[in-house]
Amino acid sequence: MSDLRYDPVFDVWTAISEVRRERPIEFVPIEQSLKQLICPFCLGNELETPPTILALDGQARRLEHEQNGHWLARVIPNKFPTYVGGPSPGTAAIGPFLRSMRLGDQELIIPTPRHVDSLAELTVEEMTTALRAAQYRLEDKAQRGVIEHAMLFVNCRYDAGASIAHIHFQMIGSPVTTTALQGRAERFGAGRSSGRSLMGEVIDFERREQVRLVRETDDFLMFCPFASRMAFQVWIVPRQCIRPIWQVPIDHLRQIAELSQFYVDRIERLLSKPAYNWMLHQLPFSSAQADHWFIEIVPRVSKTAGYEMGTDIWVNPVAPETAARQLKV
Ligand SMILES: [Zn+2]
């Protein structure tokens with residue numbers, strides 16, 4: 077059973093997805109689930125996955141067939157999707173609740189045919205090419221207009237939600253926009269007294285203060301945000317954002333890859349290879365022109381407890397100023 081339901085009490089959507097119970101990690105001990113005999117994402121095992129949607133070579137060019145062994149990044153549908161079913165418009169009322177009549181889609185981007193389990197172990201070319209593949213898929217979704225929003229993310233290691241050790245990106249396209257996304261779209265689109273956008277003001281503030289900056293490149297800033305919810309949380313933010321991420325040049329993707337890999341390498345040394353999530357935060361496609369998208373990476377070093385779940389106020393045991401000092405060494 078797969079279903080998307082709206083709860084008016086908490087003003088949130090929930091994906092009910094029983095098909096995911098068949099995933100390798102659901103209710104299976106970790107030692108068992110991560111020791112699969114055949115890794116479906118490794119070179120030569122392409123037939124173990126659903127058919128390829130898109131494959132790119134080392135120069136980020138599209139390939140006609142991936143089975144010749146020359147692919148560097150491969151996009152496939154998720155075998156255990158959060159959403160399944162065909163699209164039909166609108167929502168239906170079920171008592172005081174709502175149910176979406178449309179369902180989204182879910183794809184995986186395999187960034188390397190080599191069996192590695194962290195972004196830090198990819199080459200810069202591999203990660204850049206995977207981000208290029210994501211651009212192709214995001215542009216396709218934006219043009220087709222079937223889904224409202226796409227989330228690109230990486231779950232690395234079991235505590236971050238990974239079910240297959242071979243590192244991979246996931247992209248989930250959802251047919252609804254949430255109140256949180258709508259609120260961010262309004263804040264990003266609203267005029268500021270400074271004449272700068274909200275994210276523009278954040279960038280100016282962090283550059284002025286310096287104490288939470290971790291690293292800068294020509295086009296990006298990486299810093300631990302002032303009100304970090306989690307220990308060692310970082311944002312990678314473009315200095316100027318005048319276009320959706322699927323329209324930025326490949327040199328910008330390379331800078332994102334380099335910063336992401338620098339950060340992951342640092343936390344793997346500092347925190348003994350923690351699980352972590354890498355996320356691209358972007359607005360719904362309808363607000364793409366007012367967006368100032370950014371990347372967030374968080375190591376999963378503390379559990380979400382009752383207070384956080386009940387209030388959405390997070391308790392962070394490491395000040396972002398302390399985290400930045402340790403990260404940039
Ligand atoms: Zn593998």
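Take any residue in the sequence shown, count from 1 to its spot, add 76: that is its number in the working numbering. Ideal Cβ positions, reconstructed from N, Cα and C, are used throughout, including at glycine. Just so we're clear, the structure is a prediction, and the values are computed from it rather than from any experiment.
For the beta strand (DSSP E) assignment, the uninterrupted runs of no fewer than 3 residues enclosed by the stretch 349 to 381 are, from N- to C-terminal side, 352 to 357, 370 to 375.
Taking 8 Å as the cut-off, the Cβ atoms of I332 and I373 do not count as close.
In this structure, F245 has its CB at a distance of at least 7 Å from all heavy atoms of ligand 1. Out of Q316, E262, R263, R260, the CA that lies nearest to the CA of D280 is found in Q316. One thing to note: D235 has its Cβ no nearer than 8 Å to the Cβ of R138.
By DSSP's assignment, D79 forms a beta bridge with I92. Per DSSP, A399 lies in no beta strand (DSSP E) segment; the continuous alpha helix (DSSP H) that holds it begins and ends at 396 to 403. Per the Cβ contact rule, the stretch 267 to 279 is in contact with the stretch 297 to 316 (3 or more Cβ pairs under 8 Å). Going by beta carbons, S78 and L148 fall outside the 8 Å limit.
For D341, no beta strand (DSSP E) encloses it; the enclosing alpha helix (DSSP H) starts and ends at 326 to 346. In the structure shown, Q135 falls within a coil segment according to DSSP collapsed to helix, strand and coil. Take the alpha-carbon of T90 and the one of A136: they are about 36 Å apart.
Across the set G120, I240, I223, the C-alpha of I240 shows the shortest separation from the C-alpha of A351.
Look at H225: its beta carbon is at least 7 Å from all of the heavy atoms in ligand 1.
In the DSSP assignment, S250 forms a beta bridge with H225. Taking all protein chains shown into account, M385 has fewer than 16 neighbouring C-beta atoms within 10 Å of its C-beta and is therefore exposed. Out of E197, T204, V88, the CA that lies nearest to the CA of F173 is found in V88. Exclusion of the five residues before and after N392 leaves S304, R305, M306, A307 as the residues of its chain whose Cβ lies within less than 7 Å of its Cβ. P84 is classed as exposed because its beta carbon has fewer than 16 other beta carbons within 10 Å across all chains shown.
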